[in-house]
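Since the structure comes first, as C-alpha cells, the remarks are kept for the end.
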Amino acid sequence: MKSGKKRRVRVRLGRNSYDIFIGALDGAADEIDRIAAGRDVAVITDANVAACNLVEPVCELCSGASKLGVITLRPGEKVKTFEAVAGICSFAAANNFDRHALFAALAGGVGGDLCGFAAGIYKRGIDFIQIPTTLLAMVDSAVGGKTGCDLPEGKNLIGLFKQPKAVFIDPAFLKTLPAKERRNGLAEIIKYGVIRDRELFERLWTQRRSLLNFNDLDFYTALIADCCAIKADVVAADEKESGLRAILNFGHTFGHALELLSGFKLPHGAAVARGMSLAAKLAVKVKLMDKAEADRIDALLDFVKLTPKTPSAATPETVLDAMRGDKKNRGGRITLILPEKIGRVKIVDDIPENIILDLLGEQL
Ligand SMILES: NC(=O)c1ccc[n+]([C@@H]2O[C@H](COP(=O)([O-])OP(=O)(O)OC[C@H]3O[C@@H](n4cnc5c(N)ncnc54)[C@H](O)[C@@H]3O)[C@@H](O)[C@H]2O)c1
Ligand SMILES: [Zn+2]
Numbered sequence: 204m205k206s207g208k209k210r211r212v213r214v215r216l217g218r219n220s221y222d223i224f225i226g227a228l229d230g231a232a233d234e235i236d237r238i239a240a241g242r243d244v245a246v247i248t249d250a251n252v253a254a255c256n257l258v259e260p261v262c263e264l265c266s267g268a269s270k271l272g273v274i275t276l277r278p279g280e281k282v283k284t285f286e287a288v289a290g291i292c293s294f295a296a297a298n299n300f301d302r303h304a305l306f307a308a309l310a311g312g313v314g315g316d317l318c319g320f321a322a323g324i325y326k327r328g329i330d331f332i333q334i335p336t337t338l339l340a341m342v343d344s345a346v347g348g349k350t351g352c353d354l355p356e357g358k359n360l361i362g363l364f365k366q367p368k369a370v371f372i373d374p375a376f377l378k379t380l381p382a383k384e385r386r387n388g389l390a391e392i393i394k395y396g397v398i399r400d401r402e403l404f405e406r407l408w409t410q411r412r413s414l415l416n417f418n419d420l421d422f423y424t425a426l427i428a429d430c431c432a433i434k435a436d437v438v439a440a441d442e443k444e445s446g447l448r449a450i451l452n453f454g455h456t457f458g459h460a461l462e463l464l465s466g467f468k469l470p471h472g473a474a475v476a477r478g479m480s481l482a483a484k485l486a487v488k489v490k491l492m493d494k495a496e497a498d499r500i501d502a503l504l505d506f507v508k509l510t511p512k513t514p515s516a517a518t519p520e521t522v523l524d525a526m527r528g529d530k531k532n533r534g535g536r537i538t539l540i541l542p543e544k545i546g547r548v549k550i551v552d553d554i555p556e557n558i559i560l561d562l563l564g565e566q567l
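Residue numbers in the sequence shown follow my numbering, run continuously in steps of one, and reach 567 at the last position.
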C-alpha cells in the first residue's frame with residue numbers, strides 16, 4: 204500500500220505509552236528506523252506470512268539494525284508453546300543479541316503473543332514491536348500487552364504483561380488472509396461496537412458491504428484505527444485487568460466453552476459470535492436489554508456469515524460446566540459481560556445458573 208489514509212492512535216500507559224500507526228508500512232519507515240537503527244533485531248514470523256512475501260519489505264525497513272535475523276515459525280496455534288519461546292530466546296543468545304536488542308513480531312496473534320513473551324524474559328526484558336498480519340491481531344492481540352503461550356493443560360496459561368514499543372498496522376496485509384481468519388477479526392470488531400461504541404455499530408451496519416471488501420483500504424484503515432482506539436482506551440483504564448478490561452471478554456465466556464467442546468475445531472470468531480448472540484439473548488431474558496437490540500446484533504453477525512453450527516458435544520449441561528471452568532471466574536461464580544444496549548455492557552456474576560441453563564436449552 205503506497206498511499207492512502209493514515210491514522211495514529213496513542214495507548215496512554217504512563218511510561219509504557221506507545222503509538223499504533225495504521226496505514227501503508229512504507230509511510231511509517233522513519234518511525235521503524237528510529238526504533239530499529241543500531242540494534243540487534245530479530246523478526247519473528249510464520250511460514251504462511253513468509254510465503255506472502257511480507258518479510259523482505261520489513262527487513263528493508265529495519266536495514267539500520269546492527270544485526271538482523273528472521274525466525275520463521277510453523278503456522279498455527281500448536282506452535283504456541285514454551286519451547287517456541289525458548290527457541291526465540293536461544294536464537295537471540297546464539298547470535299549474541301545484547302540487552303538493547305529488539306524483537307519484531309510480523310505475524311498474527313500466535314507469533315505476536317510468543318514474540319512479546321520472549322521479549323519479556325530474554326535478558327530480563329528487551330523491547331519489541333508488533334507488525335500484525337491478521338485482522339484479529341490488528342484490532343485485538345497486538346494491542347494491550349498481553350503476551351504468553353499455551354501449556355498442555357490449557358490455552359494461554361503462562362505469560363506476562365509486556366507492552367510493545369509501537370504497533371505498525373498495514374491493512375494491505377489483509378488481502379492474502381483466508382476468509383475464515385478474516386471472520387475471526389470481524390467478530391472482535393462487532394464486539395467493540397456492542398461493548399463500547401453504538402456509533403461504530405451503526406456504521407458497521409450501514410457500511411456492512413465494505414466490511415466484506417478487503418480491497419477497501421481506506422475503509423479498513425479507519426475501522427482498524429477506531430477499534431484500536433477503543434481497546435487502547437479500555438487498556439489505559441485498566442492495564443492489568445482488575446476491572447473494566449473484562450468487558451473485552453464479551454461473548455468469550457460462552458464462546459470459550461463452545462471452542463473447548465468442539466475440541467478447538469470451531470474457529471474463535473464463530474465461537475465468539477455465537478457467544479455474543481447468547482449473551483445478548485441472556486440479557487433480554489433477564490430484562491437487561493430489549494429484544495430488538497439483540498436481533499440487530501444477530502443480523503450483523505449473520506450478514507458477515509458468523510452463524511456457526513453448535514458443536515455436537517454441546518448440551519446445556521456441558522456448556523454450563525465448561526463455563527464454570529472459565530479462568531476469568533472469581534469465587535466459583537460465572538462472570539458474564541451482558542449488554543444493556545448496543546454500546547454499553549455490564550459485568551455481572553449473579554445470574555442464577557438455572558436461567559443460563561434455560562437459555563441454553565432454548566438456543567442450542
Ligand atoms: N494478546 C492478546 O491480547 C490476545 C487477544 C486475542 C487473541 N490472542 C491470541 O491470538 C491467537 C490467534 O491469533 P490469530 O487469529 O491471528 O492466529 P494466527 O497467528 O495463528 O494466524 C492465523 C492464520 O493466518 C495465517 N496468516 C497470518 N497472516 C496472514 C496473512 N497476512 N496472509 C495470509 N495468511 C496469514 C497464519 O499463518 C495462520 O495460519 C491465539 O493464540 C490467541 O490466544 C491474544
Ligand atoms: Zn477473542
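Here a beta-carbon is modelled for each residue, glycine too, at the ideal position from N, C-alpha and C.
Residue i vs residue j beta-carbon contact at 8 Å
i	j	result
Cys262	Val252	no
Ile537	Arg527	yes
Leu380	Leu338	yes
Val475	Lys394	yes
Phe331	Gly319	yes
Gly312	Ser344	yes
Ile361	Gly351	yes
Ala449	Leu216	no
Gly396	Leu414	no
Lys383	Pro514	no
Arg401	Ile545	yes
Leu451	Arg477	no
Val288	Ala310	no
Asp316	Lys283	yes
Phe417	Leu363	no
Lys209	Ala425	no
Val214	Ala435	yes
Leu485	Ile550	no
Closest residue to residue i among the options (Cα-Cα distance)
i	options	result
Leu541	Val489, Arg499, Ile361	Val489
Ile235	Asn219, Gly267, Gly207	Gly267
Gly573	Leu403, Ala390, Asn416, Leu469	Absent from the model: residue 573. The displayed extent of the chain is 204 to 567, so no value can be given.
Asp373	Cys292, Gly351, Val342, Lys358	Val342
Phe509	Gly472, Ala345, Thr424	The question names Phe, but residue 509 in the sequence shown is Leu. The option with the nearest alpha carbon to Leu509 is Gly472.
Gln333	Lys530, Val370, Lys494, Ile225	Val370
Ala295	Arg327, Val258, Asp243	Asp243
Gln366	Asn557, Gly328, Asn359	Gly328
Gly314	Gly357, Gly279, Tyr325, Ser293	Gly279
Asn256	Val551, Ile558, Ile550, Ala375	Ala375
Gly241	Leu264, Leu447, Thr275	Leu264
Ser516	Val551, Pro470, Leu464, Gly564	First, the residue type needs correcting, since residue 516 is Ala and not Ser in the sequence shown. Ala516 has its Cα closest to that of Leu464, out of Val551, Pro470, Leu464, Gly564.
Leu562	Gly534, Glu462, Phe457	Phe457
Lys443	Arg211, Lys209, Asn219, Arg213	Asn219
Gly388	Val437, Asp436, Pro335	Pro335
Leu228	Leu420, Thr518, Gly534	Leu420
Any non-hydrogen atom of ligand 1 within 7 Å of residue i CB
i	result
Asp419	no
Asn452	no
Ala428	no
Ser480	no
Thr337	yes
Ser344	yes
Residue i: CB within 7 Å of a non-hydrogen atom of ligand 2
i	result
Val258	no
Glu444	no
His303	no
Glu384	no
Glu391	yes
Touch test, the region 537-552 against the region 479-494, Cβ-Cβ under 8 Å, three pairs minimum: yes
Segment contact, 8 Å Cβ cut-off, at least three pairs: the region 235-247 with the region 305-318: yes
The region 495-506 in contact with the region 421-434 per 3-pair CB rule at 8 Å: no
Stretch pair the region 476-485 + the region 502-522: three plus CB contacts closer than 8 Å: yes
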